[in-house]
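Participant: Residue numbers (our numbering), protein chains in the order written: chain A, 911 to 1501; chain B, 911 to 1501.
1. Alpha carbon to alpha carbon, how far is residue 1246 (chain A) from residue 1144 (chain A)?
2. Out of B:1350, B:1170, B:986 and B:1487, which one is the CA nearest neighbour of residue 1407 (chain B)?
3. Express the C-alpha separation of residue 1248 (chain B) and residue 992 (chain B) in angstroms, rounding to a whole number.
4. Compare the beta carbon distance of residue 1123 (chain A) and residue 1158 (chain A) with 8 Å and say whether it is the shorter of the two.
5. Could you name the residues of the same chain whose beta carbon sits closer than 6 Å to that of residue 1257 (chain B), not counting the 5 residues immediately before and after it, in chain order?
6. Kindly indicate which residue of B:1306, B:1109 and B:972 has the alpha-carbon position closest to the one of residue 1424 (chain B).
7. Considering only residues of the same chain and omitting the five flanking positions on each side of residue 967 (chain B), which have a CB-CB separation below 6 Å?
8. Please list the residues of the stretch 1146-1179 of chain A that have a C-beta atom closer than 7 Å to any C-beta atom in chain B, keeping them in chain order.
9. Is residue 1498 (chain B) near the ligand MN, in the sense that its beta carbon is under 7 Å from a heavy atom of that ligand?
10. Which same chain residues end up closer than 6 Å to residue 1075 (chain A) when comparing Cβ atoms and leaving out the 5 residues on each side of it in sequence?
11. Just to confirm before moving on: does the CB-CB distance between residue 1227 (chain B) and residue 912 (chain B) stay below 8 Å?
12. Report the residue from B:1426, B:1458, B:1396 and B:1490 whose alpha carbon sits nearest the alpha carbon of residue 1497 (chain A).
13. Could you give the distance in angstroms between the alpha-carbon of residue 1271 (chain B) and the alpha-carbon of residue 1209 (chain B)?
14. For a test of the three-state rule: what should DSSP assign to residue 1161 (chain A), helix, strand or coil?
15. Could you spell out where the alpha helix (DSSP H) holding residue 1250 (chain A) opens and where it closes?
16. Are residue 1068 (chain A) and residue 1116 (chain A) close, meaning C-beta to C-beta below 8 Å?
17. Got a sec, what are the start and stop residues for the beta strand (DSSP E) residue 1103 (chain B) sits in?
18. In chain order, what residues of the same chain have a beta carbon less than 8 Å from the beta carbon of residue 1197 (chain B), not counting five sequence neighbours either side?
19. Please name the residues in the stretch 1347-1368 of chain A whose beta-carbon is closer than 8 Å to at least one beta-carbon of chain B, in chain order.
20. Residues of chain A with CB closer than 8 Å to the CB of residue 1238 (chain B), please, in chain order.
21. Alpha carbon to alpha carbon, how far is residue 969 (chain B) from residue 1113 (chain B)?
22. When DSSP labels each residue in this structure, what does residue 1116 (chain B) get in the three-state scheme?
23. Opposite residue 1174 (chain A) in the DSSP bridges: which residues?
24. Is the Cβ of residue 1253 (chain B) closer than 8 Å to any Cβ of chain A?
25. Starting from the C-beta of residue 1110 (chain A), find all residues in its chain whose C-beta is less than 6 Å away, skip the five residues before and the five after it, and write them out in chain order.
26. Could you tell me whether any Cβ in chain B is nearer than 8 Å to the Cβ of residue 1257 (chain A)?
27. Return no unless some Cβ of chain B is closer than 8 Å to the Cβ of residue 921 (chain A).
28. Hey, quick one: how far does the alpha helix (DSSP H) through residue 1078 (chain B) stretch, first residue to last?
29. In this structure, what does DSSP give as the bridge partners for residue 976 (chain B)?
30. The alpha helix (DSSP H) with residue 1039 (chain A) in it runs from where to where?
31. Could you check whether the Cβ of residue 1228 (chain B) sits closer than 8 Å to any Cβ belonging to chain A?
32. Report back the beta-carbon spacing between residue 1224 (chain A) and residue 1351 (chain B) to the nearest angstrom; my notes put them in contact at under 8 Å.
33. What residues in its chain sit with their C-beta under 6 Å from that of residue 1485 (chain B), if we drop five residues either side in the sequence?
34. Can you tell me the Cα-Cα spacing of residue 1500 (chain B) and residue 1260 (chain A), whole angstroms?
35. What number of angstroms, rounded off, separates the C-alpha of residue 933 (chain A) from the C-alpha of residue 1396 (chain B)?
36. Within 8 Å of any Cβ in chain B, is that where the Cβ of residue 1189 (chain A) sits?
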């Protein structure tokens, strides 16, 4: 396995040349940001990821985080690495300066987060969950709770968790058995939660659990749910840590991957009841939790980018070193990177990763603009755009990371299947991303029902107008432009087909959703690659910068549009020709 | 994880209704075979797989086979299960009666082999390697060597291995460092081989290594290679076991999957030299080894079928049991099999598995007919057809098994990522199949260069004529027929495109090969599904048998043709529009 190197030039190209992220720095809320500062942050984050998180990725996979006598022991080096992360202020990049944050755009935080995910996905999950908890506090908690918890979470001194799932129903939250009972100024929580990422560990003094549960007398269903903060240690008035709360880890799961990230079964209130404080209003728990989940969904899409980048770097390095076979042109002995099918695999990895990355940062930009845009129109536009791009980012990137990390193994041949090489870990680590934070099936249903159908296609149409404008405003590559334009038309056609026919069957939306989402992902990818080709061409013409880098951007765009974009048509056909058979299936169809 | 049940009805449908395997039983060489006998064999093999091999699949994954002091210890129960396999004569189904075999068609052996692979892929590899060794002996060894080794291999009392790869070059055999030196009536072998499946174990008294190595004075390159048999224990003239040979296991690999199958580093001749006997002529080693490899390639494709079937059964069982969410039609609480996206995943798994299975058995039939067909024309026709279908079977099925086993995890949600559930093992076990026995890139190059271009497209044209005849000879499903016909035309177009343009660049063949192979796989799949629809329709009309089973065959065919076949067009576009950019890539294209 190669040493990880943060793709700083790639990031710079995406932020500055492809997406115009610097326009965010002009917004009043981001007065701290500047292009120079962001470059420096990206550079330093890359070094930190490579030097601190990457070296303990394999030991984390081998040792696992494991529950021992009610505590979780993290792998060698994790506690020290996390402390360095806190000391260097990496948790606070995009957080509110009022509580100690650095006030940079979310999009800038995402670049650093990409590097953490490439270097050590298991470790990256810990701050990711903390960031989610911060968002919940910031949006819904009382000022009193904010004052106690936000500074500690934003510094990273305490970490956060998210407690939704119970064993009898994973994604279905309508029938939770955990209960909260009012008691003095707080609530007593009793029940068991599963799949709690970093639910217990030895890296910080305190852990802040965000728990979804109904009040004891609440109505049944999701509308009865409220949200609570349940700290591992209670916090005294002076901010010092008090008693141990009545919450503990029961066990950790033995998983396919992300072994250093403890996935805990958590038990609340085995004795008197775990002390919790309500966040937001009674019955608003799920709505509050969605704040966290939307945020987390983009970050899970980004995990796909991070692991894909890592797999690509390892495969590229191996392909350059490994001498085997002969050149089809000269007959000379060559490194395997000289074989056209190896080049295909590498370019497939590369061009998909580039497309995924652009989608993640574009969605992140909309997240910044929906909150910090300088007029209401901008904020409204980007609210819709962010809502639309979120399920696509989460699901498309996490479907593709399985392909890219699998290709990473394939380039290594037999060595890829041997765990010592390290690339099988990326494949194992990646596999959870299409499941957690809402399975990709749930993302697809969200896209079709809430993002396409609910507003009668307005949001999708707006996005496709942006695409059409890209096509019209430039034309240096007529062949790429025509292929991309055909992809856009086809997506429009599929969108209209769904809008026109979804009332045909109760099963229609569910039957077409996945294929529609995948089609949209591939067309978005072509959009970014087309714009990337234009941007690179401009750079080449100006003679600025690294000409090989820009020439390779053009190659990647051509490869993607000619070899990957055709998949969008296949998914579109599967929607339009396949909706009938899809809607017709039932429980008896499988013998 | 559900208990495995051999898909006996499926097999019966494929053999009898879809492919007309019974016509083999009329051939003189298969006088032992009859439809009744084959039904009984399939039934019993299914029971054996379910009752003996399946129960130790998980323990094999947990314990691994491991090297201890120069021996390999297999997981609990493996030795006893293998002994039962030998006692029941399962090794000898399709072997030569002259040496103790049962003289059934290879295609019948493949049904049993599918079950072994579903039940316990690691275990199934051991007889698979032995079968390869048997083929090498049968085709190339002297009568003396045959008399010593064939009865013991055919009974399964001894097992076989295949020793090609060395650490400095995996797929490239032109520069092997292992050497063979003549000595008395035998050769002394010295060198190290890696990736030796079941290279050492404790299940049998002897292990028969087939070793590829150059004679000490042989010319460089693959033409200098010869083939040797190197038994673990030398064999006395009376057939009893003699001295331990100078061959030993150095270590076993720690792998992503197939953990119960020991993947050994083998050392030959650390002392005086390992005693080996030449098989075939000097310098003919690679040609002889290809006998084994062709055979093994179909069996690896079949591993894809076996693991896909297993993953499907587990997912279906879980989807029926797991209650979660509400019906989109009635709003009632339902099992997840009631959700259309879960139905999509299950039908994708099912329809791909069915297509893969039909391809495997169709290729196997050609293997039977190329050797045992009753006239030369038949044998010639099926020699070409087998040669063409082999790389498609190997590579297409092993690409798809990664998708199908991944969907198996996805249907389980978070539970799928937890190793205890057992379905992650299928995903891990499957990942090697696209690598070993010739990577899928090598298969694709074989298809394009040796099977398409070398005979100017004659073999491909013959296969496509068969497809066209299927379309013309029936027409109960005009919509399916038209879609299938379009797939055939497109494949013809891509084939012609390659034939017309492959001289454009030295890199052309390698750049298009993978996408061409995948296109051919999907079109073949549509062919089998189209015929399956016709066969099922006939059964439904006749009122014979299980009408739900046949109705579901129709559903699977419609699903495949409308939702999976569109992928063939995407791969075809990637060949025709992507050949240019593919051929243009070079070592500098990746920054």
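Don't be surprised by glycine CBs; every beta carbon is placed ideally from N, CA and C.
Facilitator: In brief:
1. 58 Å
2. B:1487
3. 41 Å
4. no
5. 1469
6. B:1306
7. 1030
8. 1163, 1164, 1165 and 1166
9. The ligand content of the structure shown is nil, which means the ligand MN is not present either.
10. 1104 and 1105
11. yes
12. B:1458
13. 10 Å
14. strand
15. 1250-1282
16. yes
17. 1096-1107
18. 1190
19. 1349, 1350, 1351, 1354 and 1355
20. 1416, 1417, 1419 and 1420
21. 16 Å
22. strand
23. A:1106 and A:1162
24. yes
25. 982, 1159 and 1174
26. yes
27. no
28. Where residue 1078 (chain B) is concerned, there is no enclosing alpha helix (DSSP H), given that its DSSP letter is neither H nor E.
29. B:983
30. 1031-1050
31. no
32. In fact, because the Cβ distance is near 18 Å, the residues do not count as touching under 8 Å.
33. 1404, 1422, 1425 and 1426
34. 8 Å
35. 49 Å
36. no
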